[in-house]
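> Have a look at this one before I ask anything.
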Amino acid sequence: MKNILCLNKIAKIGTDKLDASVYNVGTEVADPDAIMVRSAAMHEMTFDKKMLAIARAGAGVNNIPVDRCAAEGIVVFNTPGANANGVKELAICALMLASRDVVGGVKWAASLAGTADVAKQVEKGKSQFAGVEIKGKTLGVIGLGAIGGLVANAAVELGMNVVGCDPFLSVDAAWNIDSRVHKAATFEDVFKVADYITLHVPATKDTKGMICEKSLATMKDGVRIINLARADLVAAADIKVALESGKVAAYVTDFPTEENVGVNGIVAIPHLGASTAESEDNCAVMAAMELDEYLRYGNIKNSVNYPNVSMPMSGDKRVCVLHANVPNVISQVTTIVGGTGANIENMMNKSKGDNAYTVVDVTGDVSDETVAKLAAVEGVYRVRVI
């Protein structure tokens, strides 16, 4: 029986995918072999040596110590695309919120409660909340992955001119993007032409603070910016200055902070991007299936710190080795396994950045002594036999 600890409430449709005869799943589980998490902060957590995997029911993994987990041989999964439609729909809503002061207008209308001639007051005062239409305007999409691609396609159907940029666009993602979406070579090329800019990239050393005084200066006057991706993609102090000067007409973000709540021109949504029943269900199911494939068969799909490695099991045993992406590890692994007299039926090795994963299917037994020899190889983080 393997223990799976849920640090947050995970949709039952997902946890039900985990066979109760194989897994003990719950919020009070002790000595976990794996963890399922949504938003709980994990950076201060320490992990037992038996911990094998963490599955984030969502795309972002900022709350997980990904690099430390890699060094401890813990595979971290996320669920890319599972909440994409939910975020896309909120992005379309954000386009409207950036175009007209709907939020301010609703608050003002509510303030008329108990007064006389409300209808007349509305007709007299509505002009202060007027705005513009999105049809015919240019939307710049930064990041054309699972979410950005959907937003780009939807905006085209709404009559917008769409230009997007994604230096890491996969072939599969490119196939799903409407041919009417113009591809820009750089983010700067998007900034120069866009009336609206929507961000759909992860927070990395290259993207943190990408919307700042320098980039804002290259944009059109009156640009409207939407950030449903990560709070630190936008420099809060710089966006407030740009709003005051009129350089930015509106900023809609899904990440309220001390710096942006209550600021004129900023619509701060309480992190609702993936807060739909459908998104939570999809993420939970995907996270559960990823854990099941890894815990039972050693297959990895959608890991953020290790490469995707998946193959049908053959032979009597499967040897799974998580290790640094350095020379000579693979040759030592095969030499040690082959030296036991077991026959190697099939194997696969892939790398991702500094980390690699080697899977070896063998006919014959794999002793504790063999496991100890493999674990002693320099650069090996974890050895598991299935």
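Numbered continuously in this note's numbering, the sequence shown closes out at residue 911. Yeah, the Cβ is synthetic: ideal placement off N, Cα and C, and Gly gets one too.
1. Tell me where the beta strand (DSSP E) around I855 begins and ends.
2. Let me make sure I understand the geometry here. Which of A580, N807 and T782 has the alpha-carbon closest to that of P795?
3. Which same chain residues end up closer than 7 angstroms to V810 when comparing Cβ atoms and leaving out the 5 residues on each side of it in sequence?
4. In whole angstroms, what is the alpha-carbon distance linking R821 and K662?
5. Give the DSSP-derived three-state secondary structure of G689 in the structure shown.
6. Output yes or no for whether 9 angstroms exceeds the beta carbon distance between D886 and E870.
7. For D886, which residues does DSSP report across the bridge?
8. Does N785 come within less than 9 angstroms of chain C when only Cβ atoms are used?
9. Would you call the region 672-684 and the region 606-615 in contact, with 3 or more CB pairs under 8 angstroms?
10. Under the three-state reduction of DSSP, which class applies to G539: helix, strand or coil?
11. Quick one: is S624 buried, meaning 16 or more other Cβ sit within 10 Å of its Cβ, or exposed?
12. Specify the secondary structure class of Y819 as computed by DSSP and reduced to three states.
13. Out of S740, L741, C618 and F780, which one is the CA nearest neighbour of N752?
14. If contacts are defined as beta-carbon pairs under 8 angstroms, then V858 and V902 qualify, I think. What distance do you get, rounded to the angstrom?
15. Following the continuous alpha helix (DSSP H) through A607, name the residue where it begins and the one where it ends.
16. How is A849 classed by DSSP in three states: helix, strand or coil?
17. Which whole-angstrom value is the C-beta distance of Y721 and L797, which I expect to be below 8 angstroms?
18. Quick check on the burial criterion: 16 or more other C-beta atoms within 10 angstroms. Buried or exposed for P590?
19. Could I get the ranges of all uninterrupted alpha helix (DSSP H) runs contained in the region 615-639, with 4 residues as the minimum, in chain order?
20. Quick one: using the 10 Å Cβ neighbour count with 16 as the cut-off for buried, is P837 buried or exposed?
21. What does a CB cutoff of less than 7 angstroms around D763 pick up in its chain, not counting 5 residues either side in sequence?
22. Assign E805 to one of two classes, buried (16 or more other C-beta atoms within 10 Å of its C-beta) or exposed (fewer than that).
23. By Cβ distance, which residues of its chain are closer than 7 angstroms to S876, with the 5 residues on each side in sequence left out?
24. Just list the alpha helix (DSSP H) runs in the region 757-793, keeping only unbroken ones of 4 residues or longer that don't cross its boundaries, in chain order.
25. Report yes or no: do three or more beta-carbon pairs, one from the region 711-728 and one from the region 567-579, lie closer than 8 angstroms?
26. Residues in its own chain within less than 6 angstroms of D691 by CB, not counting five upstream and five downstream?
27. Touching or not, the region 529-537 and the region 550-558, by the rule of three or more beta carbon pairs under 8 angstroms?
28. Given that a residue counts as buried once 16 or more other Cβ atoms are within 10 Å of its Cβ, and exposed if not, what is V786?
Considering the structure as presented:
1. I855: not part of any beta strand (DSSP E); member of the alpha helix (DSSP H) spanning V854 to G863, first to last residue.
2. Comparing Cα-Cα distances from P795 to each of A580, N807 and T782, the minimum goes to T782.
3. Taken in chain order, the residues that qualify are I538, G539 and K542.
4. If I take the Cα positions, the gap works out to 51 angstroms.
5. DSSP places G689 in strand when its eight states are reduced to three.
6. For D886 and E870, yes; Cβs fall inside 9 angstroms.
7. Bridge partners of D886: R843 and N871.
8. Checking the listed chains, one finds no chain C in this structure; it contains a single protein chain.
9. Taking one beta carbon from each stretch, the region 672-684 and the region 606-615 have 3 or more pairs nearer than 8 angstroms; the two touch.
10. Looking at G539 - three-state DSSP - the assignment turns out to be helix.
11. Around the C-beta of S624, 16 or more other C-beta atoms lie within 10 Å, and the residue is accordingly described as buried.
12. Judged by DSSP in its simplified three-state form, Y819 adopts helix.
13. When only C-alpha atoms are compared, the closest one is F780.
14. Going by Cβ atoms, the distance from V858 to V902 rounds to 7 angstroms, so yes, they are a contact pair.
15. Per DSSP, A607 belongs to no alpha helix (DSSP H) and is neither H nor E.
16. Of the three classes helix, strand and coil, the one that applies to A849 here is strand, per DSSP.
17. Not quite, the Cβ-Cβ distance comes to about 19 angstroms (not below 8 angstroms), so this is no contact.
18. So P590 counts as buried.
19. Correct list: 627-635.
20. That one is exposed.
21. Hits under 7 angstroms: C737, E738 and L741.
22. Label assigned to E805: buried.
23. Around S876: P832 and N850.
24. Listed in chain order, the complete alpha helix (DSSP H) runs (minimum 4 residues) inside the region 757-793 are 761-770.
25. No, the region 711-728 does not touch the region 567-579.
26. The residues G668 and L669, in chain order, have a CB closer than 6 angstroms to that of D691 in the same chain once the five nearest residues on each side in sequence are set aside.
27. Per the Cβ contact rule, the region 529-537 is in contact with the region 550-558 (3 or more Cβ pairs under 8 angstroms).
28. By the Cβ-count criterion, V786 is exposed, with fewer than 16 other Cβ atoms from all chains shown falling within 10 Å of its own Cβ.
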